[in-house]
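Since the structure comes first, as structure tokens, the remarks are kept for the end.
There are 2 protein chains.
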Amino acid sequence: MINAAVYDAHGNPAEVLQMRTQPWPICAPDEVIVAVRAAPINPADLNQIEGKYPIRSSLPATPGFEGAGVVVETGSEVRHVSTSAHVILPHNLGTWREACAVKATELVVVPSEIDLVQAAMLKINPLTAWRLLHDYVKLKAGDWIIQNAANSAAGRAVIQIAQELGIKTVNVVRREELVEELRVQGGDAVLIDGEALRDDVKESTGGAPIRLGLNAVGGDSALRLMNCLAPSGTLVTYGAMSLQPLKVPNGLLIFKDLRFRGIWINKWYNNASQAERIETFNRIFDMAKRGLLHTKVEKAYPLNEAKTAVVHAARGKRDGKIIFEFGD
Amino acid sequence: MINAAVYDAHGNPAEVLQMRTQPWPICAPDEVIVAVRAAPINPADLNQIEGKYPIRSSLPATPGFEGAGVVVETGSEVRHVSTSAHVILPHNLGTWREACAVKATELVVVPSEIDLVQAAMLKINPLTAWRLLHDYVKLKAGDWIIQNAANSAAGRAVIQIAQELGIKTVNVVRREELVEELRVQGGDAVLIDGEALRDDVKESTGGAPIRLGLNAVGGDSALRLMNCLAPSGTLVTYGAMSLQPLKVPNGLLIFKDLRFRGIWINKWYNNASQAERIETFNRIFDMAKRGLLHTKVEKAYPLNEAKTAVVHAARGKRDGKIIFEFGD
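Chains A and B are the protein sequences, given in the same order.
Numbering (my numbering) for the first sequence: 1 to 328.
Numbering (my numbering) for the second sequence: 1 to 328.
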């Protein structure tokens, strides 16, 4: 038997989440059984439990878009994954459970040098950061980009991947105490959000054109980013921490020719071929092996403390991710 | 001597516009002199006089982004344009004057079958409509698009050009009495804007995906268009009649992958080669020769009634353009 977090109805995660025991999963010929070792709590997980995510799961459901584990059984037709391999799980299984059956072709094998807790957090944020820097504006070394929410896990991944690519970053944060920390992380400019942003940015970049903005906040913060972009620049939205819609002055569309896009990494993942996924993961693994793209963990919980963990994860001010860790 | 409308300071057009006499223009070797025959009053002209246009002219200035006339003198080096040719003027001269000197290479020669009053209104609206239908989403015959402000000059041009290309149009208007009129013009579906729009559109199109939306209103009307677009669809803004910014719910960017762009036809015109301009104009002239792309004129004024004319043009409810006509 295994333990799994389950909800029977959408609602407040702390209220609707329950622990259930389930039978050990059955392994089809093309599947493997993965013993889950780590699974983070992402905002999207909480939204899904609340019923606010665009794709609703059939209920009862187990949450968890991310996770990593160890292969403990392989189906008779499985060739390219063997037991004891470390793997990243796909996002449609529900990772908040001790074990699951997965099609072998859906797994990404992780190099053994990478800690499984860190591996469990490579699929959403670093992958989002990688695609944000590759799929919207053709950038070359020396170009500048700007992002808000620079202290988020995705924001920190953007800083490090940009540095890897020779792209310079203007990082916008709300708290003064983050400035030094993000500079050390590799941020070329770290600025406090506010009315003076546009001037501060100009001073930091020497007026260099910024053709890509990355927005995870929305509302006024997004508007301030727009005003820092060069004509024909692109603002890509991947989050909405302020819960405010984008307000786009018509002149920025008509006269400044700004372009507005969004990214949903799970959709990218679904549409990509396994070869494309692995190509991106290889670059990310290469950085992770060198100690980069390390995600801070504020606290790890055992799965049976799921209610406490989701309350903790929902708190605004944290200093790292909340994650489930499972014993061997 | 010639008469010209001039303003010395930005402000209310009815107050700041004055009539001045100016010397007959001097023709440089690469220039021609055009006797202006017709020049419409566009919203952008009023904005420019008010100082609300993104490019300010050096003052004193003569307004007028559009106009057509007859070549009456040619410079010694001019080869491919001859006197008595009908021409469309470029947008950076100020057309609200009886005559002007223009570089011959900046002129577009109009087939003589096309009335000069109509020719004077082909550069902004039909050209905008043409580019809207060609530069943002790859459309093929049978595809649907949706637009608001369908009764505007640009909106009517969109209907006719789309029909020419075999593209089907959903046309959104505010007044019931326009429905029949725009159907006759070629609109495949003509619907009243409002909360039921999304359902009405589905019924009209049989649920066909709409990948391009054209927005000249902004605010809530633009939001209703967004909700009618298919996933990964594009909304292009070319006007802002409501004076309200676009409000873009984050989910439409992140989960629905909608894309937002804008067009400024004067910028397109500046960036295009003369060959590209003429290629588009030839298609537009071809339609105009068949009586299509006819712009309704509510009233023609002589230039010395410019103050009255701009007041008339600023009225919300009109049944056609206000235009200046000049005697032979």
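Using N, Cα and C, we set each Cβ at its ideal position, and we do this for glycine too.
Only a predicted model underlies this, so the values are computations on that prediction, with no experimental measurement involved.
Endpoints, the beta strand (DSSP E) within which residue i is located
i: A/N282; result: A/N282 -> not in any beta strand (DSSP E); alpha helix (DSSP H) instead, spanning 274 to 289.
i: A/G262; result: 259 to 262
i: A/P40; result: 31 to 40
i: A/V236; result: 234 to 237
Check whether residue i and residue j have beta carbons under 7 Å apart
i: B/R131; j: B/W264; result: no
i: A/M121; j: A/P40; result: yes
i: A/A14; j: A/K317; result: no
i: B/V173; j: B/A157; result: no
i: A/F260; j: B/F255; result: no
i: A/L191; j: A/G213; result: no
i: A/T21; j: A/N3; result: yes
i: A/A340; j: A/N171; result: Residue 340 of chain A lies beyond the stretch modelled for chain A, which goes from 1 to 328, so this question has no answer here.
i: B/A99; j: B/A35; result: yes
i: A/L293; j: A/Q160; result: yes
i: A/N250; j: B/A240; result: yes
i: A/L139; j: B/G262; result: no
i: A/T74; j: A/T62; result: no
i: B/V248; j: A/L246; result: yes
i: A/V81; j: A/V71; result: yes
Endpoints, the alpha helix (DSSP H) within which residue i is located
i: B/N125; result: 125 to 134
i: B/P13; result: 13 to 16
i: A/V308; result: For clarity, residue 308 of chain A is Thr in the given sequence; the question names Val instead. A/T308 -> alpha helix (DSSP H) spans 306 to 314.
i: A/T205; result: 197 to 205
i: B/G219; result: 219 to 228
i: B/V179; result: 178 to 185
i: B/G69; result: No alpha helix (DSSP H) holds B/G69; the beta strand (DSSP E) holding it covers 68 to 74.
i: B/L165; result: 153 to 165
i: B/I265; result: 265 to 271
i: B/P43; result: 43 to 50
Close-in-space but distant-in-sequence residues of the same chain around residue i (CB under 6 Å, 5 per side omitted)
i: B/R211; result: V137, A230, G233
i: A/G320; result: K296, V297, E298
i: B/G219; result: S242, Q244
i: B/T168; result: The displayed chain sequence assigns Lys, not Thr, to residue 168 of chain B. Counting only Cβ-Cβ distances below 6 Å, and skipping sequence neighbours, we find W144, D188.
i: B/V117; result: A38
i: B/I284; result: L122, P126
Status (buried if at least 16 other CB within 10 Å, exposed otherwise) for residue i
i: B/S221; result: buried
i: A/R315; result: exposed
i: A/N266; result: buried
i: A/P90; result: buried
i: A/G187; result: buried
i: A/Q18; result: exposed
i: B/P54; result: exposed
i: A/D193; result: buried
i: B/Q274; result: exposed
i: B/G142; result: exposed
i: B/T237; result: buried
i: A/P209; result: exposed
i: A/A196; result: exposed
i: B/V184; result: exposed
i: B/I33; result: buried
i: A/E66; result: buried
i: B/G327; result: exposed
i: B/G166; result: exposed
i: B/G155; result: buried
According to DSSP, residues forming a beta bridge with residue i
i: A/L191; result: A/V172
i: A/Q147; result: A/N171, A/L214
i: A/R97; result: A/A4
i: A/I322; result: A/K299
i: B/V248; result: A/L246
i: A/Q118; result: Per DSSP, none; premise fails for A/Q118.
i: B/I88; result: B/A68, B/V108
Nonlocal neighbours in the same chain, by C-beta distance under 7 Å from residue i, ignoring five residues either side
i: A/G64; result: A39, D45, G94, T95, W96
i: B/P60; result: V6, Y7, D8
i: B/R79; result: none
i: B/T280; result: L127, W130
i: B/W24; result: M1, I2, A99
8 Å CB neighbourhood of residue i in its chain, flanking five on each side removed
i: A/A119; result: A38, A68, H86, I88, V110, A288
i: A/V16; result: Y7, D8, A9, H10, I49
i: A/Y301; result: T308, A309, H312, I322, I323, F324, E325
i: B/R198; result: R224, N227, C228
i: B/V201; result: I146, V170, A189, L191, I210, C228
i: A/T105; result: D30, Q274
Interface flag, residue i vs chain D, CB-CB below 7 Å
i: B/V248; result: This model lacks chain D altogether; the protein chains it does include are A and B.
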